[in-house]
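Numbering (this note's numbering), first residue to last: -1 to 531.
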């Protein structure tokens, strides 16, 4: 009997132990299941209701910083997600008065966009340009590059840019040096050593683009002297339809990009990306264009040549205009321009590297009106032979002939066929292949400049009048015609043969090291299909 009782007790204990073990295991599994769900729910609640900026999602953060009632708040879209959201049509009219509108800062980490660069900030970067553009193009271009870390601008002005209305605003901006194309400037540049050297001589005595190329080189030569006097470390030559895209740097900054360049490098090359417009009614390229065609140097060779015909769409070349990029140079002794696209040195061959990710964004023919504006700047005849005398690139020649001979409707149809990327399927195909790419950063930055009131502040703080000397210089520069300018600048050389120039160089002993005579680099088209072989 006792033995039976003990057996029953043992069985009961084993059963109880088994039930207890199963209960513990079940509870442990339940706990492990509920714990992550609870943590996830807590994180969701904190993100939804929390007041910390760190916990905000991008859309909430952006709408909080955006001005009340702005289109960003209404659409609840983070800048850069949709190009239509960043369209400046809501705040931009056809004239420069739209630059006067402002709002609250949408990029608060720029501290109200004061751009108070410290004297010890390195490297010190300057940009030089030759321009006849208006404020609606110059100001966004300039302040975008201020965001990139550029401290100083040397602006060679003529046309609209030299008018009192524009120049009085530009001269009020810290770090901006204005040089007007006056008779005195042209007389000074007529004494440049460039005229006695061979590297630029192939571009002398020719109109339109060739004349501009020589003028840019002479301006760059003067800018080097001013950059050295101002203590600059790097100098770039950019047009006002070009923006630096410092991809590959640790931060989106040209200053950071150049800071990381090894000390033994003299010049760096930015391959250019070309704007690829999707509409024929673009008004503000910087604010409306987000699609670009990538440079040959940034594409696999098989992709470039394999997609070449689809990429050109019947045009003569892969790019509409140039494809050999722009460069920056360290400011050092014996530096000289080598045409508008490169720098060189009188005493040595510069050590040059090419960026693998960074690029210069070229907004070329991005507005339909660019056809006629380019035509109006050149007095050549619209014939196949004469345009070769005036323009270096095939597309410029074709565009000039069309703009000079076609009706408005014919011009628009030609523009849609050769410039506008209206075929959505083709766009998507080339985007997937990497030929085309979307770049939103410049659009977002310039949008922030608009909304933070930078442009309105600059215009409102400008003096109402220019000083007498500057006023006379601006009037002289803006009113001078191309013919007068060309005659003045080239008068010293018109009656001299190249043989006499060569003799003079030898007599005067102006021949320098062989490296200094490398021919100027003109705007060049990208490689064509024949190069593949």
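Yeah, the Cβ is synthetic: ideal placement off N, Cα and C, and Gly gets one too. Source: prediction; values computed, not measured.
| Query | Result |
| --- | --- |
| Give every residue of the same chain whose Cβ lies closer than 6 Å to the Cβ of residue 245, excluding the five residues on either side of it in the sequence, and list them in chain order. | 355, 356 |
| With burial defined as no fewer than 16 other Cβ atoms inside 10 Å of the residue's Cβ, what is the status of residue 223: buried or exposed? | exposed |
| Could you tell me the distance, in whole angstroms, from the CA atom of residue 501 to the CA atom of residue 146? | Reliability of the predicted coordinates at residue 501 is poor, the pLDDT of 35 falling under 50, and no value is obtained from them. |
| Measure the CB-CB distance between residue 410 and residue 366 and report whether it falls below 8 Å. | yes |
| Quick one: give me the first and last residue of the beta strand (DSSP E) that residue 290 is part of. | 289 to 291 |
| Less than 8 Å between C-beta atoms, sequence neighbours within five positions excluded: which residues of the same chain meet that for residue 259? | 266, 351 |
| What residue from 122, 118, 139 has the CA that sits closest to residue 441's CA? | 139 |
| Looking only at DSSP bridge pairs, what is residue 242 linked to? | 358 |
| Regarding residue 406 and the ligand ADP, is the C-beta to nearest heavy atom distance less than 7 Å? | What this structure holds is no ligand at all, so the ligand ADP is not there to describe. |
| Which class does residue 302 belong to by DSSP, given the choice of helix, strand or coil? | helix |
| Looking at residue 361 and residue 544, is the spacing between their C-beta atoms short of 8 Å? | As shown, the chain starts at -1 and ends at 531. That puts residue 544 outside it, with no answer to give. |
| Which of helix, strand or coil does DSSP assign to residue 522? | coil |
| Could you name the residues of the same chain whose beta carbon sits closer than 6 Å to that of residue 463, not counting the 5 residues immediately before and after it, in chain order? | none |
| Between the segment 172 to 187 and the segment 196 to 204, are three or more C-beta pairs nearer than 8 Å? | no |
| Ordered along the chain, which non-local residues of its own chain (more than five positions away) have a Cβ less than 7 Å from that of residue 280? | 286, 287, 364, 365 |
| If you run the structure through DSSP and keep just helix, strand and coil, what is residue 136? | helix |
| Less than 6 Å between C-beta atoms, sequence neighbours within five positions excluded: which residues of the same chain meet that for residue 489? | Low per-residue confidence applies at residue 489: pLDDT is 40, beneath 50, and the placement is therefore not dependable enough to give any value. |
| What are the boundary residues of the beta strand (DSSP E) that residue 190 is part of? | Run containing residue 190: none; DSSP gives neither H nor E here. |
| Do residue 395 and residue 519 count as a contact pair if the criterion is CB distance below 8 Å? | no |
| Residue 392 to residue 169, Cα distance in whole Å? | 37 Å |
| Would you give the residue range spanned by the alpha helix (DSSP H) that residue 424 belongs to? | 422 to 431 |
| Any contact of the segment 202 to 210 with the segment 373 to 393, i.e. 3+ C-beta pairs under 8 Å? | yes |
| Measuring alpha carbon to alpha carbon, tell me which residue in 162, 213, 296, 25 is nearest residue 525. | 296 |
| Considering only DSSP beta bridges, list what residue 328 is partnered with. | 232 |
| Tell me, please, which residues DSSP counts as bridged to residue 434. | 291 |
| Rounded C-beta distance between residue 382 and residue 401? I'm assuming under 8 Å. | Actually they are not in contact, since the Cβ atoms of residue 382 and residue 401 sit about 15 Å apart, beyond 8 Å. |
| Is the beta carbon of residue 230 less than 8 Å from the beta carbon of residue 129? | no |
| By Cβ distance, which residues of its chain are closer than 7 Å to residue 460, with the 5 residues on each side in sequence left out? | 166, 167, 170 |
| Start and end of the alpha helix (DSSP H) containing residue 124? | Careful: residue 124 lies outside any alpha helix (DSSP H), inside the beta strand (DSSP E) at 123 to 129. |
| Is it the case that the Cβ atoms of residue 192 and residue 219 are separated by a distance below 8 Å? | yes |
| Looking at residue 291 and residue 433, is the spacing between their C-beta atoms short of 8 Å? | yes |
| Give me the DSSP bridge partner(s) of residue 265. | 327, 350 |
| Verify whether the separation of the beta carbon atoms of residue 305 and residue 428 is less than 8 Å. | yes |
| Assuming contact is defined by CB atoms lying nearer than 8 Å, are residue 289 and residue 276 in contact in what I supplied? | yes |
| Measuring alpha carbon to alpha carbon, tell me which of 227, 264, 175, 282 ends up nearest residue 132. | 282 |
| When burial is assigned at 16 or more other CB atoms within 10 Å of the CB, is residue 119 buried or exposed? | exposed |
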